[in-house]
Amino acid sequence: MYDTSKEPVWYGELRTARGNTILIHDKEFPEASAGRIYLYNTVRNAVIEYAEDIVKVNLHDLTGEELSAAKTEYDANWQAARAAFMQQHSGWVEAIHAKPAPAPRKAKVDADDSNSDDDDDDAELEVDSLDDDFDDWSDDDES
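Per this note's numbering, the sequence shown starts with residue 200, numbered consecutively.
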């Protein structure tokens, strides 16, 4: 049964009534539509989007001997098709592998600057000026 969790590139066989085909799955492929999966089809020499529920039951792992033979026979075409596919989907691939931008760091305050009285004096002046202009607006006096 097909299991792509073991290897970054999975080689397997799709067994159908029409015949058997070697398929390759690469974990680096972008995600397909919901419920679908991208697989390289060696007969068509193309990466094709399959309905995962339909093909999953028909995908089978290759034996060690079959795997070696498949890699030897299909590797060159696979690499060329993979490169073309990844180029077409480069925006998706970059988004998948993008690293989040680091959060901006706060500037360090020098000890000399933190002891400066310039900023504190301005704040006091503003507060003092607000106190001078304050009128009591309550309605208690107007009875």
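A virtual CB, placed ideally from N, CA and C, is assigned to each residue, including glycine.
These figures come from a predicted structure and were not determined experimentally.
If you draw a 10 Å sphere on the C-beta of G211, you find 16 or more other C-beta atoms in it, and that means buried. Residue range 263-287 is occupied by the alpha helix (DSSP H) that includes G263, with no beta strand (DSSP E) assigned at that position. Note: G234 is not bridge-paired with any residue in the DSSP secondary-structure output. If you compare the alpha carbons of P207, L213, S289 with that of A250, the shortest gap goes to L213.
V242 sits exposed, since fewer than 16 C-beta atoms from the chains shown fall within 10 Å of its C-beta. Annotated as proximal: V246 and F284, with beta-carbon spacing under 8 Å.
With respect to the C-alpha of T215, the residue from N244, F228, K226, N257 having the closest C-alpha is N257.
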